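Colleague: To start, I am sharing the structure in question, which I have written as structure tokens.
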Amino acid sequence: MRFLRHIGKYILMLIGIFKRPTKTSVLRELILKEIDDLVIGSIGITAFISLFMGAVVALQTALNLDNPLIPKSLIGFATRQSIILEFAPTFISVIMAGKVGSYITSSIGTMRVTEQIDALEVMGINPLNYLIYPKIIALLFYPFLIAIIMFVGIFGGFLASVYGNLVSLEDFIVGLQDSFIPWHVAYAFIKTMVFGILLATIPSYHGYYMEGGALEVGKASTTSFVWTCVAIIVANYILTQILLTT
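Using the numbering used here, the first residue of the sequence shown is number 124, and each one after it goes up by one.
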């Protein structure tokens, strides 16, 4: 029953976001700030992680190619498929749940503790629209970040395999081009947009409805990270079932 109550409050929160919208000029500034904080500010750490994860995928693939009948181009193929299908959209989203999700929960939770949200309500401002709507719009640009991550991850695999003398440049490029299906990229971007909405709304829910003081802000951040990861994993399975197997 407690779980169902949270689901109901979450749905009511989503509905409340679009009631009594804030002035367009104010929202524009808020959205630009959120894009800078949530998307652009995450490029550095996610690109660093993806560079080395792409390298690890290439290395592990190369080290497990014991059969001489298996072409070396498989290294490029495995790197491309791993990065595009799962690593870039899903694994990076889990990392973002820790970085961005915790930031969103703690910032909104701190506003709740210090009664800034109550002050917004007194001024006649819809706090749900003012605080959460800009985050949703900002994270709709999340696929642009994932596109960068895909490139950096594949580039990391290229550096590790080619300059590590595991495969020739020609074989790696052949593997990258082998059996390429453009729909896989579209599938990854569709997943990313859904994950972006989850990253914006679930941490916001835990921050907005938290109760207590500073200690509870930290607990709410941890709880939001756990449930955001769970939602991402479940959504990943459902979307894969719908988009790739039908």
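All C-beta atoms in this analysis are idealised placements derived from N, C-alpha and C, irrespective of residue type, glycine included. Since we're looking at a predicted model, the values are computed, not measured.
What's the gap between the Cα of Val180 and the Cα of Gly276?
Modeller: Walking along the sequence shown from the start, residue 180 turns up at place 57. Walking along the sequence shown from the start, residue 276 turns up at place 153. Approximately 9 Å between the Cα atoms of the pair.
Colleague: To the nearest whole angstrom, what separates the beta carbons of Gly232 and Val353, a pair I think is in contact under 8 Å?
Modeller: Within the sequence shown, numbered from 1, the residue matching residue 232 stands at position 109. Within the sequence shown, numbered from 1, the residue matching residue 353 stands at position 230. Not really, about 20 Å apart at Cβ, beyond 8 Å.
Colleague: Using 8 Å as the threshold, is the C-beta distance between Pro326 and Ile227 below it?
Modeller: Locating residue 326 in the sequence shown gives position 203, where the first residue counts as 1. Locating residue 227 in the sequence shown gives position 104, where the first residue counts as 1. For Pro326 and Ile227, yes; Cβs fall inside 8 Å.
Colleague: Return the first residue and the last residue of the alpha helix (DSSP H) that Ile259 is part of.
Modeller: In the sequence shown, residue 259 corresponds to position 136, counting from 1. Counting along the chain, the alpha helix (DSSP H) containing Ile259 begins and ends at 256-262.
Colleague: Nearest CA to the CA of Leu268: which residue from Glu334, Ile134, Ala311?
Modeller: Here residue 268 corresponds to residue number 145 of the sequence shown, with the count starting at 1. Residue Ala311 is the option with its Cα nearest to Leu268.
Colleague: For the 8 Å Cβ check, are there 3 or more pairs between the region 354-367 and the region 254-261?
Modeller: The answer is no - the region 254-261 does not touch the region 354-367, with fewer than three Cβ pairs under 8 Å.
Colleague: Let me make sure I understand the geometry here. Which of Leu362, Ser196, Pro144 has the alpha-carbon closest to that of His307?
Modeller: In the sequence shown, counting from the first residue as 1, residue 307 sits at position 184. The shortest Cα separation from His307 among Leu362, Ser196, Pro144 belongs to Leu362.
Colleague: Can you grab the Cα-Cα spacing for the pair Lys156 / Ile130, in whole Å?
Modeller: Here the question's residue 156 lines up with position 33 in the sequence shown. Here the question's residue 130 lines up with position 7 in the sequence shown. Distance between the alpha carbons of Lys156 and Ile130: 29 Å.
Colleague: Could you check which residue in Ile140, Tyr360, Ile134, Phe126 has the C-alpha nearest to that of Asn249?
Modeller: What you label residue 249 is simply residue 126 of the sequence shown in a count that begins at 1. Considering only alpha carbons, the answer is Ile140.
Colleague: Taking a contact to mean a Cβ-Cβ separation below 8 Å, would you say Leu262 touches Leu153 in this structure?
Modeller: The count along the sequence shown starts at 1 and reaches residue 262 at position 139. The count along the sequence shown starts at 1 and reaches residue 153 at position 30. Not in contact: Leu262 and Leu153 (Cβ atoms no closer than 8 Å).
Colleague: Would you identify the three-state DSSP class for Val290, choosing helix, strand or coil?
Modeller: Counted from its first residue, the sequence shown places residue 290 at position 167. If DSSP states are grouped into helix, strand and coil, Val290 belongs with coil.
Colleague: Who are the near neighbours of Leu292 in its chain, counting only those whose CB is closer than 7 Å to its CB and skipping five residues on each side?
Modeller: Taking the first residue of the sequence shown as position 1, residue 292 is located at position 169. Contacts found: Val285.
Colleague: According to DSSP, is Met316 part of a helix, a strand, or is it coil?
Modeller: Position 193 of the sequence shown, counted from the start, is the residue given in the question as residue 316. It is helical.
Colleague: Quick check on DSSP: helix, strand or coil for Thr368?
Modeller: As a working note, residue 368 is residue 245 in the sequence shown. In this structure, Thr368 counts as coil in the three-state DSSP scheme.
Colleague: Pull up the CB-CB distance for Gly279 and Ser347, whole angstroms please, since I reckon it's below 8 Å.
Modeller: Position 156 of the sequence shown, counted from the first residue, corresponds to residue 279. Position 224 of the sequence shown, counted from the first residue, corresponds to residue 347. Not quite, the Cβ-Cβ distance comes to about 30 Å (not below 8 Å), so this is no contact.
Colleague: Quick one: Cα of Gly177 to Cα of Ala242, how far?
Modeller: Here residue 177 refers to the residue found at position 54 of the sequence shown. Here residue 242 refers to the residue found at position 119 of the sequence shown. Each residue's Cα considered, the two are about 47 Å apart.
Colleague: For Arg203, does the count of other Cβ atoms within 10 angstroms reach 16, so buried, or fall short, so exposed?
Modeller: The count along the sequence shown starts at 1 and reaches residue 203 at position 80. Arg203 is buried by the Cβ-count criterion.
Colleague: Taking the continuous alpha helix (DSSP H) assigned at Lys132, which residues delimit it?
Modeller: For this step, residue 132 is matched to residue 9 along the sequence shown. Start and end: 125-140.
Colleague: Between the region 294-309 and the region 209-218, can you find at least three pairs of beta-carbon atoms closer than 8 Å?
Modeller: No, the region 209-218 is not in contact with the region 294-309.
Colleague: Let me check understanding here. Comparing Cα to Cα, which of Lys142, Gly221, Ser165, Ile215 lies closest to Lys314?
Modeller: To locate residue 314, count along the sequence shown from 1; it is residue 191. When only C-alpha atoms are compared, the closest one is Ile215.
Colleague: Go through its chain and collect everything with a Cβ distance to Met273's Cβ below 7 Å, but skip five positions before and after it.
Modeller: As a first step, residue 273 must be located in the sequence shown, where it is residue number 150. Taken in chain order, the residues that qualify are Ile206, Ile207, Ala211.
Colleague: The alpha helix (DSSP H) that contains Thr233, what's its start and end?
Modeller: As a first step, residue 233 is located in the sequence shown; it is residue number 110 there, counting from the start. Its alpha helix (DSSP H) spans residues 225-236.
Colleague: May I ask you to report which of helix, strand or coil DSSP gives Ile296?
Modeller: If you number the sequence shown from 1, residue 296 lands on position 173. Note: Ile296 maps to helix in three-state DSSP.
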